[in-house]
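J.: Provided herewith is a single structure, encoded as structure tokens, for subsequent inquiry.
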Amino acid sequence: MEDAASLHPPRPQSFGVAVLSWGANRLPVCVFAARGASMRKFENFGPFKIPRKGTLVSDDLKQFWQNIEARHEGLSGAKGCYVFGVKPPGTPRITPWYVGRTNAQDFKHECFQHQKITHYNHALNEYRRGVPYLYLVAFMKPRGGFSAQNIPTTIGKLEEHLISLGLLRNPGLRNTSSTKFYRETEVPGLLNKKAGKSKANQTLRSLFLVKVANVKRRRSPAR
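Note that the numbering used here numbers the sequence shown so that position 154 is 155, with each residue one more than the last.
Below, the structure written as structure tokens:
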């Protein structure tokens with residue numbers, strides 16, 4: 002016979018949920034936090050238009066960072082994650098092409114390292130007149146202001162989350178780290194394979210309220 006605890010299980014913990022979706026000026030950040038829990042907070046900044054030199058990203062970014070500092074003092078010296086995207090001509094939507102994070106260095110010294118610029122230029126070459134943009138997702142102090150604290154585990158988890166969201170928008174995302182699972186795994190109705198007529202597949206998809214994510218093929222969006 003079942004005991005009282007099994008007949009009356011504890012109520013699930015209540016969670017607060019905030020979801021921001023990709024848009025012309027918005028970044029996808031999903032936050033699932035138990036109420037009252039201590040939070041490590043990040044804030045989104047951008048999109049910041051990146052100067053070009055011909056068909057490539059400009060190597061003169063002094064004014065770019067000065068403009069950011071004029072709008073958000075201290076942001077260039079903050080830490081967190083960043084997203085490079087390109088806005089195709091004739092559309093307000095920015096397509097994500099690369100997700101990165103700071104390590105020991107801040108945004109100003111991390112976002113435009115040589116290997117990062119190589120990824121950016123490859124993405125720009127997918128378009129005839131694409132406009133490059135950068136988003137900064139900065140780690141904040143508990144009482145406001147940018148934090149220069151290095152929290153590699155949290156920032157790394159956030160980077161992986163943003164990469165997974167970026168793959169949903171653009172399977173051609175330039176990242177290779179943290180993408181192997183998403184590109185090489187099939188789950189009917191959830192990842193890289195349609196639900197078909199299977200009731201189990203269909204109801205599981207409905208349970209999570211998701212569309213099938215097909216990210217296994219690296220292909221470019223329409224130019």
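Built from N, CA and C at the ideal position, the CB exists for glycine as well.
Does DSSP put G157 in a helix, in a strand, or in coil?
T.: Helix, per DSSP.
J.: Can you give me the C-alpha to C-alpha distance between Q226 and K109, rounded to a whole angstrom?
T.: The displayed coordinates of the chain run from 2 to 224. Any statement about residue 226 would go beyond what the structure contains.
J.: Which class does T56 belong to by DSSP, given the choice of helix, strand or coil?
T.: Reduced to three states, the DSSP call for T56 is coil.
J.: Going by beta carbon distance, what residues of the same chain come within less than 6 angstroms of G131, once the five residues before and after it are set aside?
T.: Closer than 6 angstroms at Cβ, skipping near neighbours: V87, P89, L125.
J.: Taking buried to mean at least 16 other C-beta atoms within 10 Å of its own C-beta, is F46 buried or exposed?
T.: F46 comes out buried.
J.: Give the C-beta separation of Y128 and V84 to the nearest angstrom, bearing in mind that I take them to be a contact with Cβ-Cβ under 8 angstroms.
T.: Not really, about 17 angstroms apart at Cβ, beyond 8 angstroms.
J.: Considering only residues of the same chain and omitting the five flanking positions on each side of N176, which have a CB-CB separation below 7 angstroms?
T.: Around N176: Y99, V100, I164.
J.: Measure from the alpha carbon of E56 to the alpha carbon of each residue in E44, Y121, N202, K42, then state which is nearest.
T.: In the sequence as presented, Glu is not what sits at residue 56; that position holds Thr. The shortest C-alpha separation from T56 is found at Y121.
J.: By DSSP, does E70 sit in helix, in strand, or in coil?
T.: DSSP places E70 in helix when its eight states are reduced to three.
J.: Taking DSSP as the reference, what is the three-state secondary structure of Y121?
T.: DSSP places Y121 in helix when its eight states are reduced to three.
J.: Do you know how far the Cα of S178 is from the Cα of T154?
T.: Rounded to whole angstroms, T154 to S178 spans 15 angstroms at the Cα level.
J.: Please list the segments of the beta strand (DSSP E) lying wholly inside the stretch 81 to 114, counting only runs of 3 or more residues, in order along the chain.
T.: List check, beta strand (DSSP E) in window: 81 to 88, 96 to 102.
J.: Within the same chain, show all residues whose beta-carbon is closer than 7 angstroms to that of K142, passing over the 5 residues directly before and after it, in chain order.
T.: S148, listed in sequence order.
J.: From the DSSP secondary-structure annotation, give me the bridge partner or partners of N202.
T.: DSSP lists no partner for N202.
J.: For K80 and F140, what's the separation of their Cα atoms in angstroms?
T.: For K80 and F140, the distance between alpha carbons rounds to 6 angstroms.
J.: Less than 8 angstroms between the C-beta atoms of F113 and L76, yes or no?
T.: No, these two residues do not count as a Cβ contact at 8 angstroms.
J.: Straight-line CA distance for L192 to H115?
T.: Those two C-alpha atoms are separated by around 33 angstroms.
J.: Is the beta carbon of P48 less than 8 angstroms from the beta carbon of I95?
T.: Yes, the Cβ-Cβ distance between P48 and I95 is below 8 angstroms.
J.: Could you tell me the boundaries of the alpha helix (DSSP H) in which V183 lies?
T.: The sequence given here has Tyr at residue 183, not Val. Where Y183 is concerned, the enclosing alpha helix (DSSP H) stretches over 181 to 185.
J.: What does DSSP give as the partner residue(s) for M141 in the beta ladder?
T.: M141 is bridged to F147.
J.: What does the Cβ neighbour count give for A206, buried or exposed, with the cut at 16 atoms within 10 Å?
T.: First, the residue type needs correcting, since residue 206 is Arg and not Ala in the sequence shown. Buried, by the Cβ-count rule.
J.: Within 10 Å of its beta-carbon, does N171 have 16 or more other beta-carbons around it, so buried, or fewer, so exposed?
T.: N171 comes out buried.
J.: Would the beta-carbon of P97 fall within 8 angstroms of that of G157?
T.: Their beta carbons are not under 8 angstroms apart, which means P97 does not touch G157 by this criterion.
J.: Within this structure, are the beta carbons of K50 and Y134 separated by less than 8 angstroms?
T.: Cβ distance < 8 angstroms, so K50 and Y134 count as in contact.
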